[in-house]
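Below you can see the structure in the form of structure tokens.
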């Protein structure tokens, strides 16, 4: 075999080996399989995760609903009558693996408009014992989303908890890293790459047709308990750097 | 040199990979593919029941799946003040909604609408009688239909076409992701009058997305004061006398279908194969359910008695022979002896190898006295 041929084959083998090694060394570039998808029928993702995880059914995750200014917030669970009604920011506790329907009304930015978004609870937080009410998952509706829903569009948001290794300073549930996925993209996949998907929020313009509306329109029947809103601060503190002189790092 | 070109050619072939020329998807070997939403609930196309091990957890009994909302909410827009009515059983319910207004229609059916009080010159006292086809929810459209109304607009241009004896077909569909400009889902409308002659708007819409509504409207006048031959939900046509209800007088009635859509237009085709124990699967057992009893005669005997003809019922059998000859020159194909159905996902599932080795190591931070971190909102103060 000629020398040139040997060199070419050696190059080919080396390129193959390097590509395999690079894939193995960088987990972010590794092939990633995400069977969940935000385009699945509402409630399906939460139910799959619930079957896999088998979370404690008695543990309820606090959720805090926020709007641009003020609004009346109602929460439903598989019944046309709301289980609670309050003023935003409203806080209540829900179970993972379930779908709940909300009602937003009396918003000064949208006179006469009422919207019925849904929240699909995928996962829970693990706060310190006895302090779970202080760490609700914020469900923030911004004005652009509400306007798009009023115009007949379906807005889907995936709220995720950032990985602590890549979380910026501040509340890891409130920073927006990826605002919009590409058409056809999987929002849950993207969220899972940055952290832990917690809630899928879907906002549209459909309203219930009255007392004859099917119960499933209002959710899958999970428990729902009212709570008191807490101060708008999840309370993230920075761990001080280890320094030979701690006094100097904290003036 | 010859070996050099041989190796170079091999390299080119390897680099080109397994790209196909027939238009099917090309997936790298390192790329994994999840099936589309419509198929994630099934182990395979047209195959139902518990799937392979990776999906085994889904086959376990658990809480009820979130079922679809079986009605589509339609928002009538376009001609402000126009009233919308519909057939409700044997009643013609007029003025049930006014544009802009919304109404719920159970899915998988066809409805007879009545449009009255149409604004514009020349429409005084006239009504239009379109039909509205409400398709069943598809997994691709389920989230949209549960959260959004489907806009149905009748424009000035549509009315002009109707006045000119043209039939207008409007197809409202949810585009597939590749036909969406952005990730926020919104509907699109195809109108027959804007397409080239011979182009079916429904087929065109099905190429680009999932059809949710089909409105067909012409200028045919229907007189519901006289008994008319009306199609029934079971497909038959019978004379029906209609009463009239008026929403202006507080008489409201929900729309009822005048026709049902066939099963193949109800979303994903049903399963042809189902493993044992799958929810809703049917195992054919002789004599159970719709399966007939094995060996039972399916037709009457030629001598007017029920049962097999060779059994004498109460008397000696006199009939020795009974022959019917069919002399028709029929040309029928031979029956199929081996059936083969090919189903295919494109691209097919591509799932990584299961985990077989886990290394777990915890690294615990060590702090000196005074380096305690507490949530700042709880009033904590870092003490140096």
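Protein chains in written order, with the working numbering: chain A, 5 to 255; chain B, 136 to 519. The beta carbon of each residue, even a glycine, is placed where N, CA and C say it ideally should be.
Cβ pair residue i, residue j closer than 8 angstroms
{"i": "residue 226/A", "j": "residue 137/A", "result": "no"}
{"i": "residue 233/B", "j": "residue 390/B", "result": "no"}
{"i": "residue 219/B", "j": "residue 236/B", "result": "yes"}
{"i": "residue 284/B", "j": "residue 334/B", "result": "no"}
{"i": "residue 104/A", "j": "residue 79/A", "result": "yes"}
{"i": "residue 211/B", "j": "residue 280/B", "result": "no"}
{"i": "residue 141/A", "j": "residue 207/A", "result": "no"}
{"i": "residue 312/B", "j": "residue 343/B", "result": "no"}
{"i": "residue 117/A", "j": "residue 320/B", "result": "no"}
{"i": "residue 164/A", "j": "residue 130/A", "result": "no"}
{"i": "residue 247/B", "j": "residue 207/B", "result": "no"}
{"i": "residue 143/A", "j": "residue 211/A", "result": "no"}
{"i": "residue 187/A", "j": "residue 315/B", "result": "yes"}
{"i": "residue 380/B", "j": "residue 229/B", "result": "yes"}
{"i": "residue 245/B", "j": "residue 217/B", "result": "no"}
Min CB distance residue i to chain A below 8 angstroms
{"i": "residue 307/B", "result": "no"}
{"i": "residue 290/B", "result": "no"}
{"i": "residue 283/B", "result": "yes"}
{"i": "residue 245/B", "result": "no"}
{"i": "residue 242/B", "result": "no"}
{"i": "residue 312/B", "result": "yes"}
{"i": "residue 286/B", "result": "yes"}
{"i": "residue 239/B", "result": "yes"}
Contact with chain B by residue i, beta-carbon distance below 8 angstroms
{"i": "residue 188/A", "result": "yes"}
{"i": "residue 158/A", "result": "yes"}
{"i": "residue 218/A", "result": "yes"}
{"i": "residue 106/A", "result": "no"}
{"i": "residue 192/A", "result": "no"}
{"i": "residue 81/A", "result": "no"}
{"i": "residue 167/A", "result": "no"}
{"i": "residue 209/A", "result": "yes"}
{"i": "residue 206/A", "result": "yes"}
{"i": "residue 122/A", "result": "yes"}
{"i": "residue 213/A", "result": "yes"}
{"i": "residue 221/A", "result": "yes"}
{"i": "residue 25/A", "result": "The predicted model places residue 25/A with a pLDDT of 42, which falls under 50 and marks its position as unreliable; any figure quoted below should be read in that light. Taking Cβ atoms only, chain B never reaches closer than 8 angstroms to residue 25/A, which makes this a no."}
Backbone secondary structure at residue i - three-state DSSP
{"i": "residue 503/B", "result": "coil"}
{"i": "residue 308/B", "result": "strand"}
{"i": "residue 113/A", "result": "coil"}
{"i": "residue 49/A", "result": "helix"}
{"i": "residue 210/B", "result": "strand"}
{"i": "residue 151/A", "result": "helix"}
{"i": "residue 243/A", "result": "Residue placement at residue 243/A is flagged as unreliable, the pLDDT there being 40, under the threshold of 50; the coordinate-derived value follows with that caveat. Three-state DSSP puts residue 243/A in coil, outside helix and strand."}
{"i": "residue 347/B", "result": "strand"}
{"i": "residue 485/B", "result": "strand"}
{"i": "residue 319/B", "result": "coil"}
{"i": "residue 279/B", "result": "helix"}
{"i": "residue 224/A", "result": "coil"}
{"i": "residue 313/B", "result": "helix"}
{"i": "residue 188/A", "result": "coil"}
{"i": "residue 239/B", "result": "strand"}
{"i": "residue 493/B", "result": "coil"}
{"i": "residue 459/B", "result": "coil"}
{"i": "residue 56/A", "result": "helix"}
{"i": "residue 194/A", "result": "helix"}
{"i": "residue 373/B", "result": "strand"}
{"i": "residue 73/A", "result": "coil"}
Cβ-Cβ separation, residue j to residue i (assumed contact under 8 angstroms), whole Å
{"i": "residue 269/B", "j": "residue 348/B", "result": "6 angstroms"}
{"i": "residue 122/A", "j": "residue 228/A", "result": "Between residue 228/A and residue 122/A the Cβ distance is about 13 angstroms, and since that is not below 8 angstroms, they are no contact."}
{"i": "residue 371/B", "j": "residue 225/B", "result": "Contact flag wrong, Cβ pair sits at about 15 angstroms."}
{"i": "residue 147/A", "j": "residue 113/A", "result": "6 angstroms"}
{"i": "residue 213/B", "j": "residue 289/B", "result": "5 angstroms"}
{"i": "residue 159/A", "j": "residue 153/A", "result": "6 angstroms"}
{"i": "residue 54/A", "j": "residue 100/A", "result": "6 angstroms"}
{"i": "residue 95/A", "j": "residue 66/A", "result": "6 angstroms"}
**Message:** So if I threshold CB-CB distances at 9 angstroms, which residues from the segment 258–280 of chain B count as touching chain A?
**Reply:** 272, 274, 275, 277, 278, 279, 280
**Proximal residues, the segment 128–156 of chain A versus chain B, C-beta separation under 7 angstroms** = 152, 156
**Item:** Against chain B: residues of the segment 44–60 of chain A by CB proximity under 8 angstroms
**Value:** 44, 45, 46, 47, 48, 51, 52, 54, 55, 56
**Request:** Taking a Cβ distance cut-off of 7 angstroms, strictly less, list which residues of the segment 368–395 of chain B are near chain C, in chain order.
**Result:** Protein chains in the displayed structure are A and B, and chain C is not among them.
**Item:** Interface positions of the segment 476–500 of chain B facing chain A (Cβ-Cβ less than 7 angstroms), listed along the chain
**Value:** 486, 487
**Contacting positions in the segment 343–362 of chain B - beta carbon closer than 7 angstroms to chain A** = none
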